[in-house]
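Visitor: In the numbering used here, the protein residues as written are 267 to 567. By construction, the Cβ of each residue, glycine as well, lies at the ideal position given by its N, Cα and C atoms. Dropping a structure here in structure tokens format, bear with me for questions.
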């Protein structure tokens, strides 16, 4: 956001702040010329106006500070800014209520507790989604623009984080709107944090007759020809298991963009398959040993 846009956003809160302070000063210095009752009402009104003006201006300043503080492409979620603004206006409203009602404000809030409880039970799902949205906004497990994987729900790019729902765009260009309460109960994998770079791997199983060093060299030479994956850090090959069916190799490589993981995996498999075929290396297959009837009788004797 440019400097002109910031100034424009601060213009009306600043005008309201100056206007409210001016009214308060005018009431204070004109106290002798006003009647007592009228003077008190004007003074309370000017003070309440100052409360809301301060809340409005402070919310805009904090939002501007958050926009300026981030050095990444992913901005702070809008939910966090809305939450800060809501808290500031709630404090201004509570201060105004206490100002006009005095000690009676506490009793009024206590008396409305039952009504609030009944309303909360009626809209408990909405409340759960909203509170989960607040928790997601405060904890920040993901931000707008992050590629995430929510177990059992969705995998894609975060488009918007709202009070009740989070919007995700999948790699198939499917637009998903997910309730925040469901997201909060699932395990979230963020592929864009703390950095957009992350490591993936594929598994290749080869026969025991092939020496490990030979297999490792063939696979590495093939992966180094890949164009989509990163060559720095360099890919590597590790033996992940040594089983009866063959030796499993984990081919590990680094990606810079999550939306390319399918294409990168396809490229790695294609290059490794071509290299293994050129080297005459076959995949492991099940062996069935047949024992003749004569051998069986000899063994029995």
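With respect to the beta strand (DSSP E) encompassing residue 504, which residues constitute its N-terminal and C-terminal limits?
Guide: Element bounds for residue 504: 502-509.
Visitor: Rounded to whole angstroms, what's the CA-CA distance from residue 490 to residue 416? Just pull it up for me.
Guide: Taking the straight line from one Cα to the other gives about 32 Å.
Visitor: I need the boundaries of the beta strand (DSSP E) containing residue 486, first residue and last residue.
Guide: Where residue 486 is concerned, there is no enclosing beta strand (DSSP E), although the alpha helix (DSSP H) it sits in stretches over 478-489.
Visitor: Excluding sequence positions up to five away, which residues of its chain have a Cβ less than 7 Å from the Cβ of residue 365?
Guide: So the list reads 310, 313 and 314, once near-sequence residues are dropped.
Visitor: Would DSSP call residue 285 helix, strand or coil?
Guide: Reduced to three states, the DSSP call for residue 285 is helix.
Visitor: Under three-state DSSP, which class holds residue 457?
Guide: Correct three-state label for residue 457: coil.
Visitor: Verify whether the separation of the beta carbon atoms of residue 533 and residue 494 is less than 7 Å.
Guide: Cβ atoms of residue 533 and residue 494: closer than 7 Å.
Visitor: Going along the chain, which residues of its own chain have a beta-carbon closer than 7 Å to the beta-carbon of residue 303, five neighbours each way excluded?
Guide: Bear in mind that the predicted position of residue 303 carries a pLDDT of just 49, short of 50, making it unreliable; the figure below should be weighed with that in mind. Correct list: empty, nothing qualifies.
Visitor: Could you check where the alpha helix (DSSP H) with residue 405 kicks off and where it finishes?
Guide: Start and end: 390-405.
Visitor: Rounding to the nearest angstrom, what Cα-Cα distance links residue 367 and residue 431 in this structure?
Guide: Approximately 37 Å between the Cα atoms of the pair.
Visitor: Give the DSSP-derived three-state secondary structure of residue 277 in the structure shown.
Guide: Of the three classes helix, strand and coil, the one that applies to residue 277 here is helix, per DSSP.
Visitor: Leaving out five residues before and five after residue 337 in sequence, what residues of the same chain have Cβ atoms less than 7 Å from its Cβ?
Guide: Unreliable placement is indicated for residue 337, whose pLDDT of 48 sits below 50; the coordinate value is still reported in the next sentence. Cβ within range, chain order: n/a, list empty.
Visitor: Rounded to the nearest angstrom, what separates residue 369 and residue 323 at their Cα positions?
Guide: Any answer about residue 369 is weak, because its pLDDT of 45 lies below 50 and its placement is not dependable; what the coordinates show is given next. Taking the straight line joining both Cα atoms gives about 28 Å.
Visitor: According to DSSP, simplified to helix, strand and coil, what is residue 347?
Guide: Three-state result, residue 347: helix.
Visitor: Taking the straight line between their C-alpha atoms, what separation do you get for residue 399 and residue 524?
Guide: Spanning the two alpha carbons is a distance of roughly 25 Å.
Visitor: Please report the distance separating the alpha-carbon of residue 474 from that of residue 539.
Guide: Taking the straight line joining both Cα atoms gives about 17 Å.
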